[in-house]
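Residue numbers (full-length UniProt numbering), protein chains in the order written: chain V, 1 to 191; chain E, 1 to 191. Read through the structure below, which is laid out as structure tokens, and then see the notes.
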């Protein structure tokens with residue numbers, strides 16, 4: 001998606017160690033005009049898949065997922081990163097390793113909201129090592145729901161997550177796929 | 001807002017200890033059709049205030065804020081609950097006490113995204129003791145920005161937060177104000 005690629009080129013900041021900061025428009029400050037265009041693009045890609053529910057993970061996936069959901073006219077569920085007192089009853093759970101924060105955490109969703117009859121589109125802001133996406137996929141599988149695919153804003157295609165998850169037979173559509181990036185040469189996108 | 005009140009009556013679940021579970025439509029599974037109507041109501045209330053930025057707090061405020069922001073045609077910033085490696089540079093910070101989770105945590109926003117010229121609308125899902133809202137107000141004040149007011153989905157008017165913050169001279173508009181609630185008698189709304 002050219003609009004997102006251009007925005008990454010203009011406003012993304014590359015840091016040492018493969019870190020891409022997009023916090024001026026994607027995951028701290030959020031450009032809702034851009035999110036609307038991203039939502040329409042997800043609809044173009046997945047609009048004929050009978051999506052009944054969008055699944056994302058707190059925190060930075062939520063905004064993208066909620067803005068996109070209006071085009072699919074379906075609810076969003078977000079996986080929570082730790083058990084809160086306000087979730088009771090049975091939950092599906094899986095483990096996610098965060099490379100950004102350097103720790104492993106549990107993610108959960110209430111069984112009540114992920115049903116065998118659901119057709120689930122996963123939406124998230126980043127795909128790098130694929131740990132969060134694998135965790136979300138496991139929640140869908142545990143629920144016996146149908147996984148339609150994953151819609152990702154930014155994929156770091158030089159990291160293993162995308163290949164790993166496509167290799168599992170899951171459809172993954174990323175709006176911007178970064179082939180390579182460096183402080184010296186900037187961002188190069190996949191064709 | 002009648003639509004939200006009716007939804008709380010129908011799908012909200014009251015638990016002992018003043019806990020209202022609205023996780024089937026507001027803060028775990030999110031009903032985007034409802035969020036669109038809530039966003040329009042926030043626009044009706046604050047549409048003439050020259051809002052340039054909506055500020056919320058992770059995680060459950062983000063969806064409501066992002067869906068509302070399209071009507072204001074402005075970006076959203078969400079305050080983060082702990083310092084992540086991906087935020088660098090200067091941040092504004094304040095402390096929030098979570099009664100749900102029983103702990104005190106820091107919230108932060110990058111100074112870059114909250115500017116003295118901003119006119120800020122705070123949006124959040126719940127107002128009870130007011131700790132999160134006070135923390136967000138402090139971030140706006142520290143930035144020297146103008147606080148337009150707060151738009152809250154559900155206010156527990158029998159808890160002190162609303163009075164406290166209105167007493168500070170801050171405009172607070174809550175779409176559903178709960179006067180009282182109990183497992184036996186259900187939810188009673190303010191007039």
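C-beta: ideal position from N, C-alpha, C; glycine also.
- Query: Do residue 20/E and residue 151/E have their CB atoms nearer than 8 Å?
  - Reply: For the purposes of this step, residue 20/E is taken as residue 20 along the second chain, with counting starting at 1. For the purposes of this step, residue 151/E is taken as residue 151 along the second chain, with counting starting at 1. No, the Cβ-Cβ distance between residue 20/E and residue 151/E is not below 8 Å.
- Task: Work out the CA separation of residue 138/V and residue 16/E for me, nearest whole Å.
- Result: One-based indexing of the second chain puts residue 16/E at position 16. One-based indexing of the first chain puts residue 138/V at position 138. Computed Cα separation, rounded: 33 Å.
- Task: Check whether the Cβ atoms of residue 176/E and residue 57/E lie closer than 8 Å to each other.
- Result: To locate residue 176/E, count along the second chain from 1; it is residue 176. To locate residue 57/E, count along the second chain from 1; it is residue 57. Contact flag unset, no.
- Query: Are the Cβ atoms of residue 81/E and residue 107/E separated by less than 8 Å?
  - Reply: Locating residue 81/E in the second chain gives position 81, counting from the first residue. Locating residue 107/E in the second chain gives position 107, counting from the first residue. For residue 81/E and residue 107/E, yes; Cβs fall inside 8 Å.
- Item | Residue from 60/V, 52/V, 79/V and 59/V with nearest C-alpha to residue 69/V | Residue numbering aside, residue 69/V sits at position 69 when the first chain is read from its first letter. Among 60/V, 52/V, 79/V and 59/V, the Cα nearest to that of residue 69/V belongs to 52/V.
- Task: Give me the Cβ distance between residue 183/E and residue 14/E, rounded to the nearest whole Å; I'm assuming they're in contact under 8 Å.
- Result: Locating residue 183/E in the second chain gives position 183, where the first residue counts as 1. Locating residue 14/E in the second chain gives position 14, where the first residue counts as 1. Contact holds; Cβ gap of about 5 Å.
- chain V contact residues for residue 77/E, given Cβ-Cβ distances below 9 Å: Stepping through the second chain from its first residue, residue 77/E is reached at position 77. Chain V residues near residue 77/E: 28, 29 and 30.
- At what residue ranges does the region 71-144 of chain E contain a whole run of the beta strand (DSSP E), taking only runs of 3 or more? 76-79, 91-98, 103-110 and 119-127
- Tell me, please, whether the CB atom of residue 113/V is closer than 8 Å to any CB atom in chain E? The sequence position of residue 113/V within the first chain is 113, counting from 1. With 8 Å as the cut-off, residue 113/V counts as an interface residue toward chain E.
- Inter-stretch contact at 8 Å, needing at least 3 Cβ pairs: the region 147-162 of chain E / the region 116-123 of chain E: yes
- Query: Under a CB-based cut-off of 8 Å, is residue 58/E close to chain V?
  - Reply: By one-based count along the second chain, residue 58/E stands at place 58. Yes, its Cβ sits closer than 8 Å to a Cβ of chain V.
- If you follow the alpha helix (DSSP H) that residue 181/E is part of, which residue opens it and which one closes it? Taking the second chain and counting its residues from 1, the one referred to as residue 181/E is at position 181. Element bounds for residue 181/E: not the alpha helix (DSSP H) but the beta strand (DSSP E), 172-182.
- residue 31/E to residue 111/V span [Cα, whole Å]: Residue numbering aside, residue 31/E sits at position 31 when the second chain is read from its first letter. Residue numbering aside, residue 111/V sits at position 111 when the first chain is read from its first letter. One C-alpha to the other measures close to 17 Å.
- Query: Does the beta-carbon distance from residue 144/E to residue 95/E come in below 8 Å?
  - Reply: Here the question's residue 144/E lines up with position 144 in the second chain. Here the question's residue 95/E lines up with position 95 in the second chain. No.
- Query: Could one say the Cβ of residue 35/V lies closer than 8 Å to chain E's Cβ atoms, at least one of them?
  - Reply: Position 35 of the first chain, counted from the start, is the residue given in the question as residue 35/V. Yes, its Cβ sits closer than 8 Å to a Cβ of chain E.
- Taking only beta-carbon atoms, is residue 96/E less than 8 Å away from chain A? Reference to chain A is not applicable here, since the protein chains of this structure are V and E.
- Name, please, each residue of chain E whose Cβ falls closer than 8 Å to the Cβ of residue 63/V. Start at 1 with the first residue of the first chain, and residue 63/V comes out as number 63. The contacting residues are 62, 63, 65, 66, 76 and 78.
- Message: Looking only at its chain, what residues have a beta carbon closer than 8 Å to the beta carbon of residue 116/E, apart from the 5 residues adjacent to it on each side?
- Response: Against the second chain, residue 116/E aligns to sequence position 116. Result list for residue 116/E: 143, 144 and 145, in chain order.
- Task: Count the other CB atoms, across all protein chains shown, that sit within 10 Å of the CB of residue 161/V; report buried if there are 16 or more and exposed otherwise.
- Result: On the first chain, position 161 is the one that residue 161/V refers to. So residue 161/V ends up on the buried side.
- Along the chain, where does the alpha helix (DSSP H) that runs through residue 161/V open and close? As a first step, residue 161/V must be located in the first chain, where it is residue number 161. First-last of the alpha helix (DSSP H) with residue 161/V: 161-167.
- Message: Using C-beta distances below 6 Å, list every residue in its chain close to residue 22/E, excluding the 5 sequence neighbours before and after it, in chain order.
- Response: Translated into positions along the second chain, residue 22/E becomes position 22. If we look at residue 22/E and ignore the five residues flanking it on each side, its Cβ neighbours are 12.
- Any C-beta of chain E sitting closer than 8 Å to the C-beta of residue 118/V? In the first chain, counting from the first residue as 1, residue 118/V sits at position 118. No - not a single Cβ of chain E is within 8 Å of the one on residue 118/V.
- Query: How long is the line joining the alpha carbons of residue 41/E and residue 101/V, rounded to whole angstroms?
  - Reply: As a working mapping, residue 41/E is identified with position 41 in the second chain. As a working mapping, residue 101/V is identified with position 101 in the first chain. Going from the Cα of residue 41/E to the Cα of residue 101/V covers about 37 Å.
- Query: Going by DSSP, which residues form a beta bridge with residue 43/V?
  - Reply: Here residue 43/V corresponds to residue number 43 of the first chain, with the count starting at 1. The partner list for residue 43/V (beta bridge, DSSP) is empty, contrary to what the question assumes.
- Task: Taking residue 66/E and residue 74/V to be in contact with their CB atoms under 8 Å, please state how far apart those CB atoms are, rounded to whole angstroms.
- Result: Taking the second chain and counting its residues from 1, one reaches residue 66/E at position 66. Taking the first chain and counting its residues from 1, one reaches residue 74/V at position 74. Not a contact, Cβ separation roughly 16 Å.
- Task: Using a Cβ cut-off of 8 Å (strictly closer), state whether residue 176/E contacts chain V.
- Result: The residue labelled residue 176/E in the question sits at position 176 within the second chain. False, the Cβ-Cβ gap to chain V never drops below 8 Å.
- In chain E, what lies closer than 9 Å to residue 70/V by C-beta? In the first chain, residue 70/V corresponds to position 70, counting from 1. Simply 32, 33, 35, 36, 67 and 70.
- Quick one: is residue 185/E buried, meaning 16 or more other Cβ sit within 10 Å of its Cβ, or exposed? As a first step, residue 185/E must be located in the second chain, where it is residue number 185. Result: exposed.
- Ends of the alpha helix (DSSP H) at residue 4/V? Residue 4/V sits at position 4 when you count from the first residue of the first chain. Unbroken alpha helix (DSSP H) run through residue 4/V: 2-11.
- Message: Quick check on this structure: which residue in 164/V, 141/V, 180/V and 153/V has the alpha carbon closest to the alpha carbon of residue 3/V?
- Response: For the purposes of this step, residue 3/V is taken as the residue at position 3 of the first chain. The candidate whose alpha carbon is nearest that of residue 3/V is 153/V.
- Message: Cutting at 8 Å between CB atoms, please list the residues of its own chain near residue 173/V, excluding the five before and the five after it.
- Response: Here residue 173/V is taken as the residue at index 173 of the first chain, counted from 1. Closer than 8 Å at the Cβ level, and outside the excluded window around residue 173/V, lie 42, 45, 46, 149, 150, 151 and 152.
- Query: Of all the CB atoms in chain E, is at least one closer than 8 Å to the CB of residue 182/V?
  - Reply: Working through the first chain from its first residue, we reach residue 182/V at position 182. No, no contact with chain E.
- Message: Taking 8 Å as the threshold (beta carbon to beta carbon), is residue 110/V in contact with chain E?
- Response: Locating residue 110/V in the first chain gives position 110, counting from the first residue. Chain E contact via Cβ: present.
- Item | Cβ neighbours of residue 28/E in the same chain (closer than 6 Å, five flanking residues each side left out) | Here residue 28/E refers to the residue found at position 28 of the second chain. Contacts found: none.
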